[in-house]
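K.L.:
Dropping the structure in here first, questions after.
Number of protein chains: 4
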Amino acid sequence: MSGLAQDVTVRLTPKGARSRQRILDTAERLFAEKGYAGTTLRDVAAASDLRIPSLYNHFAGKEALYAAVLERGMQPLLEAMSGYLEAGDARPDREQFTAQMFGLLALRPNLPRLVQHEVLDGGTHLSPILRAWFKPALAKAEEVVRAHPGARNWDPDQIPLLVLAFYHLAVGAFTIAPLVQALDREDLLTEDGLPKQLRFFTDVVAALLPEE
Amino acid sequence: MSGLAQDVTVRLTPKGARSRQRILDTAERLFAEKGYAGTTLRDVAAASDLRIPSLYNHFAGKEALYAAVLERGMQPLLEAMSGYLEAGDARPDREQFTAQMFGLLALRPNLPRLVQHEVLDGGTHLSPILRAWFKPALAKAEEVVRAHPGARNWDPDQIPLLVLAFYHLAVGAFTIAPLVQALDREDLLTEDGLPKQLRFFTDVVAALLPEE
Amino acid sequence: MSGLAQDVTVRLTPKGARSRQRILDTAERLFAEKGYAGTTLRDVAAASDLRIPSLYNHFAGKEALYAAVLERGMQPLLEAMSGYLEAGDARPDREQFTAQMFGLLALRPNLPRLVQHEVLDGGTHLSPILRAWFKPALAKAEEVVRAHPGARNWDPDQIPLLVLAFYHLAVGAFTIAPLVQALDREDLLTEDGLPKQLRFFTDVVAALLPEE
Amino acid sequence: MSGLAQDVTVRLTPKGARSRQRILDTAERLFAEKGYAGTTLRDVAAASDLRIPSLYNHFAGKEALYAAVLERGMQPLLEAMSGYLEAGDARPDREQFTAQMFGLLALRPNLPRLVQHEVLDGGTHLSPILRAWFKPALAKAEEVVRAHPGARNWDPDQIPLLVLAFYHLAVGAFTIAPLVQALDREDLLTEDGLPKQLRFFTDVVAALLPEE
DNA sequence: GATGAATGAGGATTCATTCAT
DNA sequence: AATGAATGAATCCTCATTCAT
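Protein chains in written order, with my numbering: chain D, 1 to 212; chain E, 1 to 212; chain U, 1 to 212; chain W, 1 to 212.
So, in structure tokens, the structure goes:
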């Protein structure tokens, strides 16, 4: 009974209780779709079934909302990345990690687009925390790649570019999807498309960094 | 003597024509940097050394200006692509073509960012002409890749993804540059950086589609 | 005690509601004086003691404001007209009705000018509701006139023109007033002028549609 | 031959030669339709098949163009009126004069609307010349009416209102036409409608100012 | 006489934000 | 926590006008 009641409660919970989450969810989607400048608080409020001033009860302003969206969205990615990079000898299997990352992105396909908007803006809105994370992460990733046996195929100078290439491929798979779909091609983010992309990505990585 | 030269120059590029070019140039840069929504006509006018209403003497409005920027910027790329794709047996060497494209992009590094903004928007502002070009171009590119001996390494299903991957890598090299630079890393678009990227891109393509 | 009264007043007309009324009042006057195109929201805002964006808290835009002004202003007129036209045998005395209409117009001398602006524009901004009202009202009015004994003096073909003539005379009395005044003649809308006009109008109607 | 040549010449006359007339014609129509504020030089230029700056070759500005339109349009009316009013004993038959005036208006149905826009604006743009004409004309018209045998039916105070009434009826017939037409009723300004209106107007005048 | 280009002033409207309730 | 009302700043765009050609 309490279970039922709770269910009901959860569903009927006055909007207020979950407003913050609803705002974050809709803002994430809108920022991902239209970028920071292209998203208005009016849109966010409407999609959150609130009036604009209510947004200010939860976030200090548009910038703060954007930062919160970014932070919330990036956290699992950063954690997974950091976990992988800093695992040392206990580093999980590469394919396993790749699958994990793809899984995370598939769960929140807005994130790559959000990130890509940031990239195009030169990281204008990247919080200092995120900026601080990126640099060592890149360095660490290069180190990991360098330690890989397949790195012998590459000029040491090229390792940073290789890391960026993995980034482009992983993120691009998600960002290009809406356009591809708009061109009447198959949707790349469906239940069918995602495993295909994962396998392709894995194959590409294997081709560029062969285990042997 | 210099007076004559100057006169001739002035006559060959009357003020109006020069204004139009200046507007297109600055708009290209601004749209590339900040996207459509993030770019204001105020900025464009200021950077063009004009007052806002003057923009309307040359373009019907913001949308039209954006379309003109896109069209003008894309044309050389599309022509090069079309030339390569439809060359048949006379198709130039792959590396040669890659170098040509990289050269074009290096000349106008705004274009990839412009394109990427469009991609993130799902091609919202893509003129019908451009949209019409994209679909057959993708198909043709897939056909070309499929005809390559290296395609044997790939599942036929993966060819479209491979084409997109090449796109992600080529464009990504340029779009990520400002962020990378902002992270106090080397600039990827300098005279030094570009050849490195070209060689890297060539190496990646070779790894994914070996000639043999 | 006076405090209570004040409180009550404040509560009965909260600030917002008062703003809306103020806007409608000033807009009515300005639209009547200068027409739709000649009236700027800047004027409306200034005369309403508000800043322009505040207008948008109450009306969706200039068109919507105009529509609201028209609708609010026309309602009493339409009701009085409809009441008279559809009263059947209970139709009040003609002079009584005429006096009532003149009274309404005298209370809101902006209305005839508003209406006349609409007429000159061919009813461009007439809401569908108003348009829908006009046609049957004209038809009904013609029927009423036709049933009048004085109608025998007229060709049946002329009845519609006669109805329009009454309209021209009633409205014209108000619209011409500012010009007449500008020509240094007596003001037709003063406490003195109005009864004169009413009597004149009554006399004209009596001359055109004698009771006998 | 010369006749033919002339015809051809007239038709092929370079736009320039007749530009002034074309501008006046289109401006008259547009000012009549949309009023002063609602008419833009852009509209006038487009409808005159010219670019805006060319208008300034013929008129000093918008105000001057409007004044010219008004002056040109009013002149025949004023002359006819003055002729009638000042004819003294030689004054032509009233019906004849009425027909003449209706004829003039029918030829240029824009004029009444133009005038009515002026009236609604309180004569803002009325040139001093026109203003100066109006006052004595009104006085003269009152005098003429007063001298009419039918004036005995009216209180001397009412004569000014009677004159205005004639004005309202004459002008209203033309200004209401577009709205009436928009309400799916017969067009009052057709070859059929105009004689009807003329007869009606004559009948009304006869009823209000019987010859006897 | 005609016009492309330029522009100051102003048009309606939107935006992010604040505040009283 | 929610919101109606208010607003400074800015958005895109239009207008009438000028000037060089």
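Glycine included, C-beta positions come from ideal geometry on N, C-alpha and C.
Going by other Cβ atoms of all chains shown within 10 Å of its Cβ, with 16 needed for buried, is residue 135 of chain D buried or exposed?
P.N.:
Result: exposed.
K.L.:
Candidates U:185, U:166, U:94: which alpha carbon is nearest residue 138 of chain W's?
P.N.:
Ranking the options by Cα distance to residue 138 of chain W, first place goes to U:185.
K.L.:
Who are the Cβ neighbours of residue 56 of chain D in its own chain at under 6 Å, not counting the five residues just before and after it?
P.N.:
So the list is empty, once near-sequence residues are dropped.
K.L.:
Beta-carbon within less than 6 Å of residue 210 of chain U's beta-carbon, same chain only, minus the 5 sequence neighbours each way: which residues are those?
P.N.:
Cβ neighbours of residue 210 of chain U beyond the five flanking positions: 150.
K.L.:
Report yes or no: is there a C-beta of chain D within less than 8 Å of the C-beta of residue 62 of chain E?
P.N.:
No, because no Cβ of chain D sits closer than 8 Å to the Cβ of residue 62 of chain E.
K.L.:
Are the C-beta of residue 75 of chain E and some C-beta of chain D separated by less than 8 Å?
P.N.:
False, the Cβ-Cβ gap to chain D never drops below 8 Å.
K.L.:
With 16 other CB atoms within 10 Å as the buried threshold, where does residue 103 of chain U fall?
P.N.:
By the neighbour-count rule (16 or more Cβ atoms within 10 Å), residue 103 of chain U is not buried but exposed.
K.L.:
Assuming residue 146 of chain E is part of the alpha helix (DSSP H), what are its boundary residues?
P.N.:
Run containing residue 146 of chain E: 128 to 147, per the alpha helix (DSSP H) assignment.
K.L.:
Sort E:30, E:93, E:77 by Cα distance to residue 65 of chain E and report the nearest one.
P.N.:
For the residues E:30, E:93, E:77, the minimum Cα distance to residue 65 of chain E belongs to E:30.
K.L.:
Have a look at residue 170 of chain U and residue 201 of chain U and give me their C-alpha separation to the nearest angstrom.
P.N.:
Approximately 7 Å between the Cα atoms of the pair.
K.L.:
Give the secondary structure of residue 82 of chain D by DSSP, where H, G and I count as helix, E and B as strand, and everything else as coil.
P.N.:
Reduced to three states, the DSSP call for residue 82 of chain D is helix.
K.L.:
Using the rule of at least 16 other Cβ atoms within 10 Å of the residue's Cβ for burial, across every protein chain shown, is residue 179 of chain W buried or exposed?
P.N.:
With 16 or more Cβ atoms within 10 Å of its Cβ, residue 179 of chain W is classed as buried.
K.L.:
Would you please verify whether the beta carbon of residue 21 of chain D is less than 8 Å from any beta carbon of chain E?
P.N.:
Not an interface residue.
K.L.:
For residue 113 of chain W, would you say it is in contact with chain U, using Cβ-to-Cβ distances shorter than 8 Å as the test?
P.N.:
Yes, contact with chain U.
K.L.:
By a C-beta neighbour count over all protein chains shown, 10 Å radius and 16 as the cutoff for buried, is residue 107 of chain D buried or exposed?
P.N.:
By the neighbour-count rule (16 or more Cβ atoms within 10 Å), residue 107 of chain D is not buried but exposed.
K.L.:
For residue 89 of chain W, which three-state DSSP category applies?
P.N.:
Of the three classes helix, strand and coil, the one that applies to residue 89 of chain W here is helix, per DSSP.
K.L.:
Of all Cβ atoms in chain W, is any one closer than 8 Å to the Cβ of residue 157 of chain U?
P.N.:
Output row for residue 157 of chain U: interface = yes.
K.L.:
Rounded to a whole number of angstroms, what is the C-alpha to C-alpha distance between residue 183 of chain U and residue 140 of chain W?
P.N.:
Spanning the two alpha carbons is a distance of roughly 14 Å.
K.L.:
So residue 189 of chain E and residue 109 of chain E are supposed to be a Cβ contact under 8 Å. How far apart are they, rounded?
P.N.:
That belief holds up - the Cβ atoms of residue 189 of chain E and residue 109 of chain E are roughly 6 Å apart, short of 8 Å.
K.L.:
Starting from residue 194 of chain E, trace the alpha helix (DSSP H) both ways and give me its first and last residue.
P.N.:
Per DSSP, residue 194 of chain E belongs to the alpha helix (DSSP H) from 193 to 208.
K.L.:
Mind listing the chain E neighbours of residue 122 of chain D? Cutoff is C-beta to C-beta under 7 Å, in chain order.
P.N.:
Those within 7 Å of residue 122 of chain D in chain E are 178, 179, 182.
K.L.:
Using only the alpha-carbon positions, how far apart do residue 114 of chain W and residue 69 of chain D sit?
P.N.:
When rounded, the distance between both Cα atoms is 60 Å.
K.L.:
Hey, how far is the Cα of residue 9 of chain D from the Cα of residue 19 of chain D?
P.N.:
Unreliable placement is indicated for residue 9 of chain D, whose pLDDT of 42 sits below 50; the coordinate value is still reported in the next sentence. The alpha-carbon atoms of residue 9 of chain D and residue 19 of chain D are separated by roughly 15 Å.
K.L.:
Determine the chain E residues that contact residue 204 of chain D at a beta-carbon separation under 7 Å, and present them in chain order.
P.N.:
Under the 7 Å cutoff, chain E gives 165, 208.
K.L.:
Please state whether the Cβ-Cβ distance between residue 177 of chain U and residue 192 of chain U is less than 8 Å.
P.N.:
Cβ atoms of residue 177 of chain U and residue 192 of chain U: not closer than 8 Å.
K.L.:
So within the segment 26 to 81 of chain W, which uninterrupted alpha helix (DSSP H) runs reach at least 4 residues, ignoring any that extend past its ends?
P.N.:
Runs found: 41 to 47, 52 to 55.
K.L.:
Relative to chain U, which residues along the segment 33 to 48 of chain W have a C-beta separation below 9 Å, given in chain order?
P.N.:
Answer in chain order: 33, 34, 35, 36, 37, 38, 39.
K.L.:
For residue 169 of chain E and chain D, any beta-carbon pair shorter than 8 Å?
P.N.:
Judged by the 8 Å Cβ criterion, residue 169 of chain E is in contact with chain D.
K.L.:
Express the C-alpha separation of residue 22 of chain E and residue 92 of chain D in angstroms, rounding to a whole number.
P.N.:
Looking at the two C-alpha atoms, the distance is approximately 54 Å.
K.L.:
In chain E, which residues lie less than 9 Å from residue 135 of chain D when you measure between Cβ atoms?
P.N.:
Result: 183, 184, 185.
K.L.:
In the segment 127 to 151 of chain U, which residues sit with their C-beta less than 9 Å from some C-beta in chain W, listed in chain order?
P.N.:
Of all residues in the segment 127 to 151 of chain U, 131, 134, 135, 138 have a Cβ within less than 9 Å of some Cβ in chain W.
K.L.:
Is there at least one Cβ from chain D nearer than 8 Å to residue 172 of chain E's Cβ?
P.N.:
Yes - at least one Cβ of chain D is within 8 Å of the one on residue 172 of chain E.
K.L.:
Run through DSSP, which three-state label would residue 123 of chain U get?
P.N.:
It is coil, neither helix nor strand.
K.L.:
When you compare each of U:83, U:161, U:181, U:71 to residue 128 of chain U by their alpha carbons, which one comes out closest?
P.N.:
Residue 128 of chain U has its Cα closest to that of U:71, out of U:83, U:161, U:181, U:71.
K.L.:
Does residue 26 of chain U get closer than 8 Å to chain W when you measure Cβ to Cβ?
P.N.:
Taking Cβ atoms only, chain W never reaches closer than 8 Å to residue 26 of chain U, which makes this a no.
K.L.:
In chain E, which residues lie less than 9 Å from residue 105 of chain D when you measure between Cβ atoms?
P.N.:
The premise fails here: residue 105 of chain D is roughly 14 Å from chain E at the closest Cβ pair, so nothing lies under 9 Å.
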